[in-house]
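Colleague: Here it is, the structure, as structure tokens.
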Amino acid sequence: MLALIYFIVLAVIAVGSAICVLLAKHPLYGALSLILSMLSMAGIYGLLGSPFMGVVQIMVYAGAIVMLLTFVIMVLNAGKDNNTPRFDKVSLFVVPAVVVLCGLVGFVLVRAPLAFDATTIRGSVKFTSETLFNMAQNGPGYFVLFEVLGLLLLSSMAAAVLMAKKRLGSEVSEKEGK
Amino acid sequence: MDIIESKSWVEWLITIAKFAFCFVPVLYILLLIPMERRGAGFMQDRQGPNRSYIKFPIFGRVRLFGYVQNMCDGTKLFFKEMFAPKGSSKFLYYLGPAIPFAIVFLSPCVIPWFGPMAFEWGGKAVKISGSILDSDVGILLLFGLSSLSAYGAVLSGWASKSKYSYLGSLRTSAMTVSYEVCQGLSMMGLLVLAGSFNLTDIVSWQEHHVWGIVAQPVAFFCFLIATIAETGRAPFDVAEGEPELVAGYHTEYGAMQFGMFYMGEYAHICIASFLVATLFLGGYSVPFVTTETMQAHMGGSLTVLCGILAFLALAFLHMVHRYSKKLALSKQSNKMVILQEYKLYNLVGGIAAVVFIAAAICAWMFYTPEVAYTASGANTLATALGTAVIHLLVLVIKSVMFCWVWIWVRWTLPRFRYDHVMHLGWKIILNIAILNLIVTAVIAKLVGGSN
Numbered sequence: 195m196l197a198l199i200y201f202i203v204l205a206v207i208a209v210g211s212a213i214c215v216l217l218a219k220h221p222l223y224g225a226l227s228l229i230l231s232m233l234s235m236a237g238i239y240g241l242l243g244s245p246f247m248g249v250v251q252i253m254v255y256a257g258a259i260v261m262l263l264t265f266v267i268m269v270l271n272a273g274k275d276n277n278t279p280r281f282d283k284v285s286l287f288v289v290p291a292v293v294v295l296c297g298l299v300g301f302v303l304v305r306a307p308l309a310f311d312a313t314t315i316r317g318s319v320k321f322t323s324e325t326l327f328n329m330a331q332n333g334p335g336y337f338v339l340f341e342v343l344g345l346l347l348l349s350s351m352a353a354a355v356l357m358a359k360k361r362l363g364s365e366v367s368e369k370e371g372k
Numbered sequence: 031m032d033i034i035e036s037k038s039w040v041e042w043l044i045t046i047a048k049f050a051f052c053f054v055p056v057l058y059i060l061l062l063i064p065m066e067r068r069g070a071g072f073m074q075d076r077q078g079p080n081r082s083y084i085k086f087p088i089f090g091r092v093r094l095f096g097y098v099q100n101m102c103d104g105t106k107l108f109f110k111e112m113f114a115p116k117g118s119s120k121f122l123y124y125l126g127p128a129i130p131f132a133i134v135f136l137s138p139c140v141i142p143w144f145g146p147m148a149f150e151w152g153g154k155a156v157k158i159s160g161s162i163l164d165s166d167v168g169i170l171l172l173f174g175l176s177s178l179s180a181y182g183a184v185l186s187g188w189a190s191k192s193k194y195s196y197l198g199s200l201r202t203s204a205m206t207v208s209y210e211v212c213q214g215l216s217m218m219g220l221l222v223l224a225g226s227f228n229l230t231d232i233v234s235w236q237e238h239h240v241w242g243i244v245a246q247p248v249a250f251f252c253f254l255i256a257t258i259a260e261t262g263r264a265p266f267d268v269a270e271g272e273p274e275l276v277a278g279y280h281t282e283y284g285a286m287q288f289g290m291f292y293m294g295e296y297a298h299i300c301i302a303s304f305l306v307a308t309l310f311l312g313g314y315s316v317p318f319v320t321t322e323t324m325q326a327h328m329g330g331s332l333t334v335l336c337g338i339l340a341f342l343a344l345a346f347l348h349m350v351h352r353y354s355k356k357l358a359l360s361k362q363s364n365k366m367v368i369l370q371e372y373k374l375y376n377l378v379g380g381i382a383a384v385v386f387i388a389a390a391i392c393a394w395m396f397y398t399p400e401v402a403y404t405a406s407g408a409n410t411l412a413t414a415l416g417t418a419v420i421h422l423l424v425l426v427i428k429s430v431m432f433c434w435v436w437i438w439v440r441w442t443l444p445r446f447r448y449d450h451v452m453h454l455g456w457k458i459i460l461n462i463a464i465l466n467l468i469v470t471a472v473i474a475k476l477v478g479g480s481n
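Structure representation (structure tokens):
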């Protein structure tokens, strides 16, 4: 009962702030509503019994990624946008897509049984780490994906550093230096 | 409502009383602001704030070693007018200072204030955790919350519509984000050793093995530097370099809005020092004594505790005595007033010393170890509470010591230049932390086996 009340409050905040992201005319307010949406999502993860996911959501998304996003918005000094119309010809295609998606989700929810074993999907730290780093021969093999993702991120970081370096040593900057 | 009936009333009382620990950072603000001002005076060989006083009937002007001055400053800040600069976005401008201050109340929830209390009540075994929220992800939650507090600086700097605030907030948030990485990585080694994110587990690991500062000395220094940077104080206060940026992101703020930033900074120091004490100094655990030993000799432990408090009271009396002797010989014009004030301190210190000595004797005489256990061998409620009090006092002493480290560093080292700060963070501390983590992981694997 108590969990249901918490869930309704969090869900209303999450959906409301997600709508605010779409409707906000100022990009900074949009980013802030995105954070609010993410925080309430973290609360919902906690209610589902996987606090690890919730905390990672706060740390990584709200704390780091959207922080960088607000950073970019601030540096670009974006202002309130009153010129772009809220609805144009493209929105005509968006509305049926949303309706179809709602229909699909409703169909799935009605057809599939909602009963599941909560203990098997819970994302406590122990369960997550045991699943992720299970190196047994017949295990799920998630650790390979994990390593590949790590390498991918590392290579993209190295590429970003290289590109930034190139700009410094390019002809234009050297000419300016003289 | 079976969740309410499943616990006895004592359990509920203790569980609810634990929420009072949310206000510990706020109490520390009251302690830290005078401590910093007196400390600054001490370091720079000048007098600290000591002009304000309260007039008492017999003892005259009581200044409480300058503590009254801070009450006056607080009152002044509280009653000043709040205003917003023209053209600023009002909502974000007023929201900015509230964010770091709100997080102050949330952060203490995962710090273990005392060991898990296990006692028998009404024929049932009761177990109460030492932290408000006994979670698997304890320390991660703390880091998540502290990463959110940077939004206060970002939003207030942007909303003030001032170039000084804007540059200050950019610099602060860049520094906070980069040092968060170092902070997280440097304590990972300890987590590998303890094998848990739960702070209570980490402390009990330290209690039964060695303190974190012995097991991970390199990580301790990395963590300390990163945490000082995280609180945004000198030598890392790049937000408010006076030569180039007036006062950083809070240039435009006045009155209690500024007060909230100010108090948020000190509360952040409080939480950070509790964190350092918990992670690297054994938290609530008493040095060289495990909780089990302490509970087996409860009467003796209480005697030692009261003895230490009595010693502190006597040391205070001695300090006042030395001050008044020096004053009586000097030629200060207001020395009679001050000597009158010192009579109050003598009275308070004397009463405290007598009370503590009496309590120590009582504990020794009347609290025998046999009383500490029930028939089935579990602790009694009195033993559990006594253990909790001793644990709490030990943790507070450790954290106050670290608060002094913060003040000491601030008034000793000059401010770093911005590029030096970034260089230190990304090229030195981060690499040392990663190396430390790898070495720790390899050693833990070789020594500890499959973990």
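Same order as they appear, the protein sequences are chains G and D. If you read the first sequence in this note's numbering, its first letter stands for residue 195, the second for the next number, and so on. If you read the second sequence in this note's numbering, its first letter stands for residue 31, the second for the next number, and so on. From the three backbone atoms N, C-alpha and C, an ideal C-beta is built for every residue, glycine too. This structure is a prediction, so every number in the text was calculated from the model and none was measured.
Does A50 (chain D) get closer than 9 Å to chain G when you measure Cβ to Cβ?
Modeller: False, the Cβ-Cβ gap to chain G never drops below 9 Å.
Colleague: Please identify, using Cβ separations under 8 Å, the residues of the region 258-270 of chain G that lie next to chain D, in order along the chain.
Modeller: Listed in sequence order: A258, M261, L262, T264, F265, M268 and V269.
Colleague: With I44 (chain D) as the anchor, note down where its alpha helix (DSSP H) starts and where it stops.
Modeller: Looking at the DSSP string, the run of the alpha helix (DSSP H) that includes I44 (chain D) is W39 to A47.
Colleague: For G187 (chain D) and S195 (chain D), which I take to be in contact (beta-carbon distance under 8 Å), what is that distance rounded to the nearest angstrom?
Modeller: That belief holds up - the Cβ atoms of G187 (chain D) and S195 (chain D) are roughly 4 Å apart, short of 8 Å.
Colleague: Give every residue of the same chain whose Cβ lies closer than 7 Å to the Cβ of P64 (chain D), excluding the five residues on either side of it in the sequence, and list them in chain order.
Modeller: So the qualifying residues of the chain are G96, Y97 and N100.
Colleague: At 9 Å on the CB atoms, spell out the chain G contacts of V268 (chain D), in chain order.
Modeller: Residues of chain G passing the Cβ test: none, with the nearest at roughly 16 Å.
Colleague: For the region 237-253 of chain G, list every residue whose C-beta sits within 7 Å of some C-beta in chain D, in sequence order.
Modeller: So the close ones are P245, F246, V249, I252 and M253.
Colleague: Does chain D have any CB closer than 9 Å to the CB of L222 (chain G)?
Modeller: Output row for L222 (chain G): interface = yes.
Colleague: In the DSSP assignment, find the alpha helix (DSSP H) that holds F149 (chain D) and state where it starts and stops.
Modeller: No alpha helix (DSSP H) contains F149 (chain D), which is instead part of the beta strand (DSSP E) from M147 to W151.
Colleague: Grab me the residues of A205 (chain G)'s own chain with a C-beta within less than 6 Å of its C-beta, minus the 5 sequence neighbours each way, in chain order.
Modeller: Result list for A205 (chain G): empty, nothing under 6 Å.
Colleague: Can you check which of these residues, D:C300, D:F250, D:A285 and D:F227, is closest to T261 (chain D) by C-alpha distance?
Modeller: Among D:C300, D:F250, D:A285 and D:F227, the Cα nearest to that of T261 (chain D) is on D:C300.
Colleague: Using three-state DSSP, classify F86 (chain D) as helix, strand or coil.
Modeller: In the structure shown, F86 (chain D) sits in a strand (DSSP, three-state: E or B).
Colleague: Would DSSP call K154 (chain D) helix, strand or coil?
Modeller: K154 (chain D): strand per DSSP, three-state reduction.
Colleague: Taking buried to mean at least 16 other C-beta atoms within 10 Å of its own C-beta, is M195 (chain G) buried or exposed?
Modeller: Classification for M195 (chain G): exposed.
Colleague: Can a CB atom of chain D be found closer than 9 Å to the CB of V319 (chain G)?
Modeller: Yes, contact with chain D.
Colleague: Can you pull the chain G residues whose beta carbon is under 7 Å from the beta carbon of V207 (chain D), in chain order?
Modeller: Under the 7 Å cutoff, chain G gives A258 and M261.
Colleague: If you draw a straight line from the alpha carbon of M395 (chain D) to that of A343 (chain D), how long is it in whole angstroms?
Modeller: When rounded, the distance between both Cα atoms is 22 Å.
Colleague: In chain order, what residues of the same chain lie with their CB nearer than 6 Å to the CB of G219 (chain D), ignoring the 5 residues before and after it?
Modeller: Excluding positions up to five away in sequence, the list reads Q246, A249, N466, L467 and T470.
Colleague: Is the beta carbon of F266 (chain D) closer than 9 Å to that of F446 (chain D)?
Modeller: Yes, Cβ-Cβ distance for F446 (chain D) and F266 (chain D) is below 9 Å.
Colleague: For A352 (chain G), does the count of other Cβ atoms within 10 angstroms reach 16, so buried, or fall short, so exposed?
Modeller: Exposed is the call here.
Colleague: Measuring straight from C-alpha to C-alpha, what distance separates F86 (chain D) and K373 (chain D)?
Modeller: F86 (chain D) and K373 (chain D): Cα-Cα distance of roughly 12 Å.
Colleague: Just reading off the alpha helix (DSSP H) that C252 (chain D) is part of, what are its end residues?
Modeller: P247 to T261 is the span of the alpha helix (DSSP H), which, as asked, contains C252 (chain D).
Colleague: For R445 (chain D), which beta-bridge partners are listed by DSSP?
Modeller: According to DSSP, R445 (chain D) bridges with nothing at all.
Colleague: Mapping DSSP to helix, strand and coil, what is L229 (chain D)?
Modeller: Of the three classes helix, strand and coil, the one that applies to L229 (chain D) here is helix, per DSSP.
Colleague: Across which residues does DSSP place V260 (chain G) in a beta bridge pair?
Modeller: According to DSSP, which records beta bridges pairwise, V260 (chain G) is partnered with nothing at all.
Colleague: So for R201 (chain D), helix, strand or coil by DSSP?
Modeller: Correct three-state label for R201 (chain D): helix.
Colleague: Quick check on this structure: which residue in D:E66, D:R93, D:G168 and D:A155 has the alpha carbon closest to the alpha carbon of R263 (chain D)?
Modeller: Of the listed residues, the one whose Cα sits closest to R263 (chain D) is D:E66.
Colleague: Anyone know if the C-beta pair for F149 (chain D) and T413 (chain D) falls short of 9 Å?
Modeller: Yes, Cβ-Cβ distance for F149 (chain D) and T413 (chain D) is below 9 Å.
Colleague: Leaving out five residues before and five after G379 (chain D) in sequence, what residues of the same chain have Cβ atoms less than 7 Å from its Cβ?
Modeller: Counting only Cβ-Cβ distances below 7 Å, and skipping sequence neighbours, we find A343, F346, L347 and V350.
Colleague: Would I59 (chain D) and Y296 (chain D) be called neighbours here (beta carbons separated by less than 9 Å)?
Modeller: Going by C-beta atoms, I59 (chain D) is nearer than 9 Å to Y296 (chain D).
Colleague: Helix or strand or just coil, what does DSSP make of V385 (chain D)?
Modeller: V385 (chain D): helix per DSSP, three-state reduction.
Colleague: Let's see if you can read the secondary structure: which residues bound the alpha helix (DSSP H) around Y181 (chain D)?
Modeller: Its alpha helix (DSSP H) spans residues A180 to A189.
Colleague: Can you tell me whether DSSP reads R305 (chain G) as helix, strand or coil?
Modeller: Correct three-state label for R305 (chain G): helix.
Colleague: Closest Cβ-Cβ distance between W188 (chain D) and chain G: below 9 Å?
Modeller: With 9 Å as the cut-off, W188 (chain D) counts as an interface residue toward chain G.
Colleague: For I229 (chain G), decide whether its Cβ has a neighbour in chain D, counting only Cβ atoms nearer than 9 Å.
Modeller: Judged by the 9 Å Cβ criterion, I229 (chain G) is in contact with chain D.
Colleague: Alpha helix (DSSP H) containing M293 (chain D): first to last residue?
Modeller: A285 to F310 is the span of the alpha helix (DSSP H), which, as asked, contains M293 (chain D).
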